[in-house]
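Its first residue numbered 79, the sequence shown is counted upward by one per residue in the numbering used here.
Yeah, the Cβ is synthetic: ideal placement off N, Cα and C, and Gly gets one too.
Written out below as structure tokens is the structure these notes cover.
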Amino acid sequence: MQLRYNYRAYPDAPQRGALARAFGCARVVWNDCLRDRRQAHAAGLAYVTSAELSRLRITQAKRTEERAWLADVSAVVLQQSLRDLDTAYQNFFDSITGKRRGRKVGPPRYKSKKDTRQSIRLNTNAFSLRENGTVYVAKVGHLKVTWSRRLPAAPTSLTVTKDGCGRYFLSFVVDTRPDVLPEAQTDTGIDLGLSAFAILSDGTKISAPRFLRRAERKLKRLQRDLSRKQKGSKNRAKARIKVARQHARVADRRRDFHHQASTRIIRDNQAVYVEDLAVSGLARTRLAKSVHDAGWSAFVAMLEYKAARHGRTFARVDRAFPSSQVCSACGFRDGPKPLHVREWTCSACGTVHDRDHNAARNLLCEGRRIVAAGRAETLNACGAPVRRAPVPAQRGEAGSPRKGQTTQAGIPGL
């Protein structure tokens, strides 16, 4: 199983300059190789191979006056940028031919130096961990790192990233074994919502923290200050960093909340069943800001890979399953209900239901049926079988395909 461990790095001024050169050289190699392939395709020529691009755009380019500065960075950075381009093309080809499940993937695009996120990838030939706690990166130096936790094994690759607010991160990919937890005696169904972030089938409610809503007042002030600065000025650059830092603070708080909640659920339950929500569709409604603020997709992805890591059962219930229409006490389907109806009484047995708690209990029963039946297809509201929703596969550093089947132990992710 591959896991990714992220740590904050604090390069000094010369190291920041060296990293900026590495980011720029990797971006130039990507754009040059992408341009060659696009021009060859427009001219009706054959697909330009990676070996030819490596010879033209890396080896020979270093000997020219226009690209002589490519020699200032490690050759591993340039070769990895070309490999990432190959992976992007392969994902595009697999998507249009049907080998890659899920959404269609577009062709690679040019990179800009104005992108909020800059990154380079390195293999073990270009970095090493030192005994004094620093990380040596070729032609950059020894980076000071804050080790929040120990690496379980020797890393196989490193990604150095700079985000929009100027922070640097080191992301290590490590091959580890699953850490199976002791078997629990309970399982749970989870209904995700906006008024409450998650409602478990046992009645537990996890309140929605609404980090973005709570930070809106300060964000509004910072954004107003940014709009008043002259474009291209240093004051505008400082104001932009302030806005980016506030957004990063919101994202960090949301991610920490997701990790704590998902870890607690996985440790307390042997099996977890979650509804497969159409987040992309809900994000185009009037509830878009609240949906993005909740971060359901990231939370479900954490549940999935943590279930795989700790030996738990994880399954998705199709979004077409009428969890809010069926009485969890007698099984009578009472019909659709608008969102403002939070409590309802079953017309068959008279049981008074909380809408979210009843949905969580129905998800638990449906999840048990799916696992017991070998993950058979879920019936939709009309009683007809529907196709299973795509499940994320194990993620590589440059992207990964998405598979259409669900496994009991989940999918190992980074």
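**Beta-bridge partners of residue 218, as assigned by DSSP** = Against the sequence shown, residue 218 aligns to sequence position 140. According to DSSP, which records beta bridges pairwise, residue 218 is partnered with nothing at all.
**Asked** Where does residue 351 sit, in a helix, a strand or coil, going by DSSP?
**Response** As a position in the sequence shown, residue 351 is number 273, starting the count at 1. Three-state result, residue 351: strand.
**Request:** May I have the straight-line CA-CA distance separating residue 431 from residue 280, to the nearest angstrom?
**Result:** Counted from its first residue, the sequence shown places residue 431 at position 353. Counted from its first residue, the sequence shown places residue 280 at position 202. The straight-line gap from Cα to Cα measures roughly 13 Å.
**Message:** Using only the alpha-carbon positions, how far apart do residue 242 and residue 158 sit?
**Reply:** On the sequence shown, position 164 is the one that residue 242 refers to. On the sequence shown, position 80 is the one that residue 158 refers to. If I take the Cα positions, the gap works out to 22 Å.
**Asked** Starting from residue 170 and walking both ways along the beta strand (DSSP E), at which residues does that stretch end?
**Response** As a first step, residue 170 must be located in the sequence shown, where it is residue number 92. From DSSP, residue 170 is part of no beta strand (DSSP E) but of the alpha helix (DSSP H) over 153–175.
**Prompt:** At a cut of 8 Å, does the segment 94–102 reach the segment 212–225 through at least three beta carbon pairs?
**Reply:** The segment 94–102 vs the segment 212–225: in contact.
**With 16 other Cβ atoms within 10 Å as the buried cut-off, status of residue 137** = Numbered from its first residue, the sequence shown carries residue 137 at position 59. Exposed: under 16 other Cβ atoms inside 10 Å.
**Asked** Three-state secondary structure (DSSP) at residue 293?
**Response** Numbered from its first residue, the sequence shown carries residue 293 at position 215. Three-state result, residue 293: helix.
**Message:** So if DSSP puts residue 411 in a beta bridge, which residue, or which two residues, is it bridged to?
**Reply:** On the sequence shown, residue 411 is found 333 positions in, with the first residue counted as 1. DSSP lists 404 as partners of residue 411.
**Message:** Taking the beta carbon of residue 203 as the centre, do at least 16 other beta carbons fall within 10 Å, making it buried, or is it exposed?
**Reply:** Working through the sequence shown from its first residue, we reach residue 203 at position 125. So residue 203 counts as exposed.
**Asked** Does DSSP put residue 102 in a helix, in a strand, or in coil?
**Response** As a first step, residue 102 is located in the sequence shown; it is residue number 24 there, counting from the start. DSSP places residue 102 in helix when its eight states are reduced to three.
**Message:** Can you confirm whether the segment 138–148 touches the segment 189–207 when touching is taken to mean that 3 or more C-beta pairs between the two stretches lie within less than 8 Å?
**Reply:** no
**Inside the segment 282–327 only - beta strand (DSSP E) runs reaching at least 3 residues** = Taking only runs of at least 3 residues, the beta strand (DSSP E) segments lying wholly in the segment 282–327 are 283–285.
**Prompt:** Are three or more beta carbon pairs between the segment 418–433 and the segment 321–329 nearer than 8 Å?
**Reply:** no
**Item:** Residues near residue 107 by beta carbon distance below 7 Å, same chain, minus five either side
**Value:** The residue labelled residue 107 in the question sits at position 29 within the sequence shown. Answer for residue 107: 135, 136, 156, 159 and 160, listed in chain order.
**Prompt:** residue 259: which of 406, 389, 353 and 411 sits nearest, CA to CA?
**Reply:** Counting from one through the sequence shown, the residue named residue 259 turns up at place 181. Checking every option, the nearest Cα to that of residue 259 belongs to 389.
**Message:** I'd like to know whether the C-beta atoms of residue 304 and residue 368 end up nearer to each other than 7 Å.
**Reply:** Counting from 1 along the sequence shown, the entry for residue 304 is found at position 226. Counting from 1 along the sequence shown, the entry for residue 368 is found at position 290. No, the pair does not count as a contact, with Cβ atoms beyond the cut-off.
**Request:** Give me whichever residues DSSP pairs with residue 377 in a beta bridge.
**Result:** What you label residue 377 is simply residue 299 of the sequence shown in a count that begins at 1. Beta-bridge pairing links residue 377 to no other residue.
**Item:** Residue burial classification, residue 437 (beta-carbon count within 10 angstroms, cutoff 16)
**Value:** Here the question's residue 437 lines up with position 359 in the sequence shown. Flag for residue 437 reads buried.
**Asked** Going by the beta-carbon positions, is the gap between residue 347 and residue 262 smaller than 7 Å?
**Response** Sequence index remark: in the sequence shown, residue 347 carries index 269 (1-based). Sequence index remark: in the sequence shown, residue 262 carries index 184 (1-based). Yes, the Cβ-Cβ distance between residue 347 and residue 262 is below 7 Å.
**Message:** Counting C-beta neighbours from all protein chains within 10 Å, is the total for residue 354 16 or more, i.e. buried, or is it exposed?
**Reply:** For the purposes of this step, residue 354 is taken as residue 276 along the sequence shown, with counting starting at 1. It is buried - the Cβ of residue 354 has at least 16 other Cβ atoms within 10 Å.
**Request:** Answer yes or no: do residue 440 and residue 247 have a C-beta to C-beta separation smaller than 7 Å?
**Result:** Along the sequence shown, one-based indexing puts residue 440 at 362. Along the sequence shown, one-based indexing puts residue 247 at 169. Cβ atoms of residue 440 and residue 247: not closer than 7 Å.
**Request:** Can you check DSSP and say which residues form a bridge with residue 388?
**Result:** To locate residue 388, count along the sequence shown from 1; it is residue 310. Under DSSP, residue 388 takes part in no beta bridge, so it has no partner.
**Residue interval of the beta strand (DSSP E) (run including residue 367)** = Reading the sequence shown from its first residue, position 289 is the one you call residue 367. Not the beta strand (DSSP E): residue 367 falls in the alpha helix (DSSP H), residues 366–372.
**Prompt:** With DSSP run on the structure shown, which of helix, strand or coil describes residue 399?
**Reply:** Numbered from 1 along the sequence shown, position 321 holds the residue referred to as residue 399. If DSSP states are grouped into helix, strand and coil, residue 399 belongs with coil.
**Item:** Where residue 145 falls: helix, strand or coil (DSSP)
**Value:** As a first step, residue 145 must be located in the sequence shown, where it is residue number 67. Note: residue 145 maps to coil in three-state DSSP.
**Message:** Can you determine whether any heavy atom of the ligand NAD sits closer than 6 Å to the C-beta of residue 119, and answer yes or no?
**Reply:** The model on display carries no ligand, and the ligand NAD is accordingly not part of it.
**Message:** Given this structure, state the Cα-to-Cα distance separating residue 115 from residue 130, to the nearest angstrom.
**Reply:** As a working note, residue 115 is residue 37 in the sequence shown. As a working note, residue 130 is residue 52 in the sequence shown. Using only the alpha carbons, I get a separation of about 11 Å.
**Message:** Under DSSP, the alpha helix (DSSP H) around residue 440 begins and ends at which residues?
**Reply:** Residue mapping note: residue 440 aligns to position 362 of the sequence shown, counting from 1. That run of the alpha helix (DSSP H) goes 433–450.
**Message:** Quick check on the DSSP output: the beta strand (DSSP E) that includes residue 252 runs from which residue to which?
**Reply:** Residue numbering aside, residue 252 sits at position 174 when the sequence shown is read from its first letter. Per DSSP, residue 252 belongs to the beta strand (DSSP E) from 246–253.
**Request:** Check the DSSP bridge columns for residue 267 and list the partner residues they point to.
**Result:** By 1-based counting over the sequence shown, the position of residue 267 is 189. In the DSSP output, where bridge partners are listed per residue, residue 267 has 351.
**Asked** According to the neighbour-count rule (16 or more other Cβ atoms, all chains shown, within 10 Å of its Cβ), is residue 351 buried or exposed?
**Response** Along the sequence shown, one-based indexing puts residue 351 at 273. Buried, since its Cβ has 16 or more Cβ neighbours within 10 Å.
**Spatial distance of residue 89 from residue 120 (CA atoms)** = Taking the first residue of the sequence shown as 1, we reach residue 89 at position 11. Taking the first residue of the sequence shown as 1, we reach residue 120 at position 42. Cα-Cα distance, rounded: 43 Å.
**Prompt:** Thinking C-alpha only, which one of 192, 252 and 141 is nearest residue 310?
**Reply:** Taking the first residue of the sequence shown as 1, we reach residue 310 at position 232. Nearest option by C-alpha distance: 192.
**Asked** Exposed or buried, residue 225, counting other C-beta atoms within 10 Å across all chains shown (16 or more means buried)?
**Response** For the purposes of this step, residue 225 is identified with residue 147 of the sequence shown, where counting begins at 1. Exposed, because fewer than 16 other Cβ atoms sit within 10 Å of the Cβ of residue 225.
**Message:** I'd like to confirm the pairing. Which residues does DSSP put opposite residue 84 in its beta bridges?
**Reply:** One-based indexing of the sequence shown puts residue 84 at position 6. Per DSSP, 249.
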